[in-house]
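Colleague: Have a look at the structure that comes next, please.
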Amino acid sequence: METAKKEAKPTVDELLAKAKKPAQLSPPMHKFYEGKMQVIPKCAIRSVDDFAIWYTPGVAAPCKIIQADPDKSFELTNRWNYVAVVSDGTRVLGLGDIGPEAALPVMEGKALIFKYLGGVDAFPICLRTKDPDEIVRICKAIEPSFGGINLEDIEKPKCFHILENAREQLNIPVWHDDQQGTATVILAGLINAFKIVGKKPRESIITLIGSGAANIRTAYVLMKWGVKPGNIILADSKGVVYKDRKDITKEDDPWKYDVTQKTNGEGRTGDISEAFKGVDAVVAASKPGPNTIKKEWIKTMAQNSIIFACANPIPEIWPWDAEEAGARIVATGRSDFPNQVNNSLGFPGIFRGVLDVKAKTITDDMCISAAQELASFAEERGINEKDILPRMDEWEVFPREAVACALKSIEQGVARVKLSRDELYERASAIIQNARQSTELLMKHGLIKPPPSEDILLR
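Just so we're on the same page, this note's numbering is the position in the sequence shown counted from 1, plus 286.
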């Protein structure tokens with residue numbers, strides 16, 4: 287019998303070439319399609335006579351109904367499914383403060399994922415202001431048109447201020463994806479990673495590298511889920527974050543200061559390498575690599591260590607380097623490597639759920655419910671060191687995630703509509719399938735043009 291040949295392991299150069307390809311193809315693809323989103327009708331237009339129903343004179347009737355009861359706008363318009371993706375462009379991916387125009391491709395991409403994975407009609411809104419209070423005022427001003435607000439790529443610490451104040455002042459869900467979205471998917475990944483390595487996450491030591499919006503919220507979510515606060519260690523560019531560090535004050539950054547008072551029970555100090563010694567898991571959401579995290583630091587971690595290198599577009603360390611240094615499970619934020627820990631697994635399903643019950647807010651408890659559902663879905667179909675989370679092409683996870691968040695919204699008393707588990711699942715599934723099938727239909731009929739070959743694009 288002929289022995290099957292083993293597939294050759296890719297070289298580092300091949301892996302690097304693969305990692306660079308999306309950035310090479312992205313500009314010509316964006317130019318070819320002149321953007322990623324468009325607006326098309328969802329109502330029947332049998333003839334131009336129907337405009338008398340959809341517009342004047344007939345439209346005056348629903349206007350009067352909404353005037354008498356503004357909540358009817360969730361029933362008589364598409365407001366129930368509209369989300370504003372709001373950014374000031376001050377912290378875009380790993381690029382920093384690049385301005386609102388340069389942020390637009392990212393916000394369009396967010397809207398695309400919202401629609402394809404969650405069936406949500408999202409609109410990119412890039413603002414020419416950096417003032418946190420003005421951003422809150424703008425969100426409040428546009429609230430009548432939307433069922434939810436997704437804050438995106440806003441620098442810290444003002445992103446905390448904007449989220450908290452907008453949540454207090456608006457009567458629709460306000461969500462900062464760099465905080466809550468990242469924390470949700472990180473928690474889901476950690477739940478399954480710890481199962482694989484046979485450790486109890488609530489009793490393990492977890493280091494968070496980078497103390498920006500993502501990891502500050504991750505710390506809060508981990509603590510709320512049940513991880514002992516003292517078992518969480520934060521580190522930033524200046525080293526380990528500890529209680530009496532003089533450069534971290536309540537006045538300058540009250541959220542980071544608050545975390546320093548609760549975490550690092552051992553009282554560790556020193557440079558960033560000290561945050562790796564003997565710990566079970568490291569979650570990095572910091573400076574893009576590939577040498578932000580050193581191989582020698584990983585070698586000092588506990589056995590069966592876990593590394594989440596989540597920086598985009600380049601992870602803090604390449605996965606193969608982390609594995610060579612001894613990490614058993616390695617995840618990144620990229621879709622072209624195993625174990626993608628990316629917000630795209632979170633926000634489409636979470637918003638689908640809260641929009642379907644017309645919720646008034648999104649809480650950290652809803653994030654935890656979503657994380658647990660993500661972890662359960664992956665575990666049910668099988669997990670291993672290279673596959674700890676659902677993948678974006680497993681579309682069935684998004685209705686399940688939506689149901690988990692919707693039910694938590696109802697439980698917490700913030701839902702305008704109460705539906706059963708079955709009703710929620712059927713609704714979410716139908717809306718998400720509609721979005722996917724609509725795209726496929728437009729492609730099939732050439733209304734969305736097929737892209738040119740890579741050779742043509744890269745000329």
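For every residue, glycine included, the Cβ atom is placed at its ideal position computed from N, Cα and C.
Going by DSSP, what residues sit across from Asp407 in a beta bridge?
Modeller: The count along the sequence shown starts at 1 and reaches residue 407 at position 121. Paired residue(s): Tyr368.
Colleague: Start and end of the alpha helix (DSSP H) containing Phe480?
Modeller: As a working mapping, residue 480 is identified with position 194 in the sequence shown. Segment 468 to 483, the alpha helix (DSSP H) holding Phe480.
Colleague: Please look up how many angstroms separate the CB atoms of Leu660 and Ala688, rounded, as I've assumed it's under 8 Å.
Modeller: Against the sequence shown, residue 660 aligns to sequence position 374. Against the sequence shown, residue 688 aligns to sequence position 402. Going by Cβ atoms, the distance from Leu660 to Ala688 rounds to 12 Å, so no, they are not a contact pair.
Colleague: Tell me the rounded alpha-carbon separation between Asp439 and Val334.
Modeller: Working through the sequence shown from its first residue, we reach residue 439 at position 153. Working through the sequence shown from its first residue, we reach residue 334 at position 48. Their backbone Cα atoms lie some 42 Å apart in a straight line.
Colleague: For the alpha helix (DSSP H) holding Leu710, just list the boundary residues, first then last.
Modeller: Position 424 of the sequence shown, counted from the start, is the residue given in the question as residue 710. First-last of the alpha helix (DSSP H) with Leu710: 707 to 730.
Colleague: Where does Gly635 sit, in a helix, a strand or coil, going by DSSP?
Modeller: One-based indexing of the sequence shown puts residue 635 at position 349. Helix at Gly635.
Colleague: Runs of 3 residues minimum, wholly inside the stretch 407 to 452: which ones carry the beta strand (DSSP E) assignment?
Modeller: Counting whole runs of 3 or more residues, the stretch 407 to 452 contains the beta strand (DSSP E) stretches 407 to 412, 434 to 437.
Colleague: Please report the straight-line C-alpha distance between Pro236 and His447, rounded to a whole angstrom.
Modeller: There is simply no residue 236 to check, as the chain begins at 287 and stops at 745 in what is shown.
Colleague: Taking DSSP as the reference, what is the three-state secondary structure of Asp673?
Modeller: Here residue 673 refers to the residue found at position 387 of the sequence shown. In this structure, Asp673 counts as strand in the three-state DSSP scheme.
Colleague: Taking Cβ to Cβ, would you say Ile717 is nearer than 9 Å to Asn367?
Modeller: In the sequence shown, counting from the first residue as 1, residue 717 sits at position 431. In the sequence shown, counting from the first residue as 1, residue 367 sits at position 81. A contact, by the Cβ cut-off of 9 Å.
Colleague: To the nearest angstrom, how far is it from the Cα of Ala567 to the Cα of Thr297?
Modeller: For the purposes of this step, residue 567 is taken as residue 281 along the sequence shown, with counting starting at 1. For the purposes of this step, residue 297 is taken as residue 11 along the sequence shown, with counting starting at 1. About 27 Å.
Colleague: DSSP three-state label for Gly619, please.
Modeller: Counting from one through the sequence shown, the residue named residue 619 turns up at place 333. In this structure, Gly619 counts as coil in the three-state DSSP scheme.
Colleague: Give the range of the alpha helix (DSSP H) segment to which Ala645 is assigned.
Modeller: Here residue 645 refers to the residue found at position 359 when the sequence shown is read from its first residue. That residue, Ala645, is in no alpha helix (DSSP H); it is neither H nor E in DSSP.
Colleague: Would you kindly check if the distance between the Cβ of Ile696 and the Cβ of Gly434 is under 9 Å?
Modeller: Looking up residue 434 in the sequence shown gives position 148. Looking up residue 696 in the sequence shown gives position 410. No, these two residues do not count as a Cβ contact at 9 Å.
Colleague: Between Lys704 and Val616, is the Cβ-Cβ spacing less than 9 Å?
Modeller: The sequence position of residue 704 within the sequence shown is 418, counting from 1. The sequence position of residue 616 within the sequence shown is 330, counting from 1. Contact: no.
Colleague: Can you give the Cα-Cα distance for Ala370 and Gly405, rounded to whole angstroms?
Modeller: In the sequence shown, residue 370 corresponds to position 84, counting from 1. In the sequence shown, residue 405 corresponds to position 119, counting from 1. Taking the straight line joining both Cα atoms gives about 14 Å.
Colleague: Ends of the beta strand (DSSP E) at Leu494?
Modeller: Stepping through the sequence shown from its first residue, residue 494 is reached at position 208. Unbroken beta strand (DSSP E) run through Leu494: 492 to 495.
Colleague: Quick one: give me the first and last residue of the beta strand (DSSP E) that Leu508 is part of.
Modeller: Taking the sequence shown and counting its residues from 1, the one referred to as residue 508 is at position 222. Where Leu508 is concerned, there is no enclosing beta strand (DSSP E), although the alpha helix (DSSP H) it sits in stretches over 499 to 511.
Colleague: Residue range of the beta strand (DSSP E) that Val568 falls in?
Modeller: In the sequence shown, residue 568 corresponds to position 282, counting from 1. Val568 -> beta strand (DSSP E) spans 567 to 570.
Colleague: Hey, how far is the Cα of Asp650 from the Cα of Gly467?
Modeller: Here residue 650 refers to the residue found at position 364 when the sequence shown is read from its first residue. Here residue 467 refers to the residue found at position 181 when the sequence shown is read from its first residue. Cα-Cα distance, rounded: 10 Å.
Colleague: Per DSSP, which one or two residues make a beta bridge with Phe594?
Modeller: To locate residue 594, count along the sequence shown from 1; it is residue 308. For Phe594, which the question treats as bridged, DSSP gives the partners Val569, Ala617.
Colleague: Could you check which residue in Thr363, Gly635, Ala469, Ala613 has the C-alpha nearest to that of Ala500?
Modeller: Within the sequence shown, the letter at position 214 stands for residue 500. Answer by Cα proximity: Ala469.
Colleague: What distance in whole Å lies between the Cβ atoms of Ile519 and Thr546, which are believed to be in contact at a cut-off of 8 Å?
Modeller: Here residue 546 refers to the residue found at position 260 of the sequence shown. Here residue 519 refers to the residue found at position 233 of the sequence shown. Thr546 to Ile519, Cβ: 11 Å. No contact.
Colleague: In three-state terms, what does DSSP make of Ile603?
Modeller: Translated into the one-based positions of the sequence shown, residue 603 becomes position 317. Three-state DSSP puts Ile603 in a strand.
Colleague: Pull the bridge partners of Val378 from the DSSP assignment, please.
Modeller: Numbered from 1 along the sequence shown, position 92 holds the residue referred to as residue 378. According to DSSP, which records beta bridges pairwise, Val378 is partnered with Gly382.
Colleague: Taking the straight line between their C-alpha atoms, what separation do you get for Phe663 and Val345?
Modeller: Along the sequence shown, one-based indexing puts residue 663 at 377. Along the sequence shown, one-based indexing puts residue 345 at 59. Distance between the alpha carbons of Phe663 and Val345 is about 44 Å.
Colleague: Going by DSSP in three states, Asn577 sits in which element: helix, strand or coil?
Modeller: Along the sequence shown, one-based indexing puts residue 577 at 291. The answer is strand: DSSP assigns Asn577 an E or B state.
Colleague: Do Gly321 and Glu387 count as a contact pair if the criterion is CB distance below 9 Å?
Modeller: For the purposes of this step, residue 387 is taken as the residue at position 101 of the sequence shown. For the purposes of this step, residue 321 is taken as the residue at position 35 of the sequence shown. No, the pair does not count as a contact, with Cβ atoms beyond the cut-off.
Colleague: Among the residues of its own chain, which have a CB less than 7 Å from the CB of Arg686, if the five just before and after it don't count?
Modeller: Numbered from its first residue, the sequence shown carries residue 686 at position 400. The answer, listed in chain order, is Glu659, Phe663.
Colleague: If you drop the 5 nearest sequence neighbours on each side, which residues of the same chain put their C-beta closer than 6 Å to that of Ile734?
Modeller: Here residue 734 corresponds to residue number 448 of the sequence shown, with the count starting at 1. So the qualifying residues of the chain are Leu728.
Colleague: Quick one: grab the DSSP three-state call for Gln658.
Modeller: Against the sequence shown, residue 658 aligns to sequence position 372. Here Gln658 sits in helix by DSSP.
Colleague: Tell me which same chain residues have a C-beta within less than 6 Å of the C-beta of Thr493, skipping the five on either side of it?
Modeller: Numbered from its first residue, the sequence shown carries residue 493 at position 207. Excluding sequence neighbours, Thr493 sits near Ile519, Ala561, Val565, Val568.
Colleague: Under 9 Å, do Tyr543 and Thr535 count as touching if we go by C-beta distance?
Modeller: Sequence index remark: in the sequence shown, residue 543 carries index 257 (1-based). Sequence index remark: in the sequence shown, residue 535 carries index 249 (1-based). Yes, the pair counts as a contact, with Cβ atoms nearer than the cut-off.
Colleague: Taking only three categories from DSSP, how would you classify Asp679?
Modeller: Locating residue 679 in the sequence shown gives position 393, where the first residue counts as 1. Asp679: coil per DSSP, three-state reduction.
Colleague: Quick check on Gln310: does DSSP put it in helix, strand or coil?
Modeller: The residue given as residue 310 occupies position 24 in the sequence shown. The answer is helix: DSSP assigns Gln310 an H, G or I state.
Colleague: So, does the CB of Ile331 fall closer than 9 Å to a CB anywhere in chain E?
Modeller: Protein chains in the displayed structure number just one, and chain E is not present.
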